[in-house]
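Step one of this worksheet: look at the structure below.
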Amino acid sequence: MRYEPVKKRLGGFFGKSSLLRKVFYKLLDLLLLRAWHIHKELKAWAKDKLDKHIHILDAGAGFGQHTYFLANMSPKWSVLAVDVKQDDVCECNHFFHRTEKNNVLFRTEDLTKFQQPDTFDLILSVDVMEYIKEDCKVLKNFYHSLKEDGLLLLTVPSDKGGSDVYKPGDKSFIEEHIRNGYSTAEMKQKLKKAGFSKVDIKYTYGTPGNRSWRLSLKYPMLMVGTSKYMFTMLPFYYLLIFPVCYLLNYLDVTHEHKTGTSILVKAYK
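So in the UniProt record's numbering, the last one in the sequence shown is 269, and the numbering has no gaps at all.
Given below as structure tokens:
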């Protein structure tokens, strides 16, 4: 299915007011497993940095929920959030201005061309690379944009069922994806080629996480994709499945996985 029309419909509804957008961010943080994993890694990385002047790039910021989380971690941090979609950037700038998050700026940028040498202590990129054909160019830009000892925190679908593709001939659940997923070996090779000296990769979205993804994202998106009227059913649906998804997310984050439908990458300059 096409993800962008559904995403635009959700963003349009929750963008009507600052309160609704904050509620939307909170729901994404609670329901979507990727946020659980990202928040866990960010908190571990930030333990000795909360009082320091840190420069962060949110590369492919989308709705801005990860930017919002970062901005709230420390007022001393400066966050530059970039995305190729100008409408999303404008809406986010408007929201962050209204909520007086003065340590955040959104800009429209193409990641294949964007580079700010030796600028950022952290670059965050959450489920973005699968949309970009010239991924190696983007990884090189990330490398050059990081300061020495800077961290790239990256998530992408894996080749073990990412994008809901398990065998040759399967179609990606998200039609806009350029590729269905990465193997850990392929991602490590591309990062090393880009210049990264140390690369740690682990699987996420194991069995519990994959089940949570289906309940919290795939099935609701299919519902909304069939009819705009199904949108009104989502609150009742999520009230029903939330306890199950919460437990599945907890199990996925607190256990290591030999395989999974997503991979989490930490790459150091």
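Glycine residues also receive a C-beta, built at the ideal position from the N, C-alpha and C atoms.
Same chain only: Cβ atoms within 7 Å of residue i, ignoring 5 sequence neighbours per side
i    : result
Y143 : A194, G195, F196 and K269
Q116 : S145
F114 : V82 and N141
Beta bridge counterpart(s) of residue i as assigned by DSSP
i    : result
V104 : V79
A44  : According to DSSP, A44 bridges with nothing at all.
P157 : S262
CB of residue i within 8 Å of CB of residue j, strictly
i    : j    : result
R107 : L146 : no
N180 : P157 : yes
T112 : E130 : no
I123 : L70  : no
Straight-line Cα distance separating residue j from residue i
i           : j    : result
residue 280 : L264 : Examination of residue 280 is not possible in this model, given that the chain is present from 1 through 269 alone.
T67         : D83  : 12 Å
T254        : G206 : 11 Å
V161        : F24  : Checking the displayed sequence, the identity of residue 161 turns out to be Gly instead of Val. Going from the Cα of G161 to the Cα of F24 covers about 27 Å.
Y166        : D159 : 8 Å
M1          : L153 : Its pLDDT being 49, under 50, M1 is placed unreliably in this model, and the value from its coordinates should be taken loosely. Their Cα atoms are separated by approximately 28 Å.
L247        : R34  : 14 Å
E100        : A185 : 43 Å
R211        : T226 : 22 Å
Y237        : H94  : 30 Å
E109        : L139 : 15 Å
Same chain only: Cβ atoms within 6 Å of residue i, ignoring 5 sequence neighbours per side
i    : result
K258 : none
L105 : L80
S78  : H55 and N103
R98  : S18
Selection from the options that minimises the alpha carbon distance to residue i
i    : options                   : result
V188 : Y166, S212, T155 and D121 : Correcting the residue type first, residue 188 is Lys in the shown sequence and not Val. Out of Y166, S212, T155 and D121, T155 has the C-alpha closest to the C-alpha of K188.
C136 : L191, Y219 and Y237       : L191
Cutoff 8 Å: residue i Cβ touching any chain B Cβ
i    : result
N210 : This model lacks chain B altogether, as it is built from one protein chain only.
Own chain partners of residue i with C-beta closer than 8 Å, once the 5 adjacent residues on each side are dropped
i    : result
L234 : P220, M223 and V224
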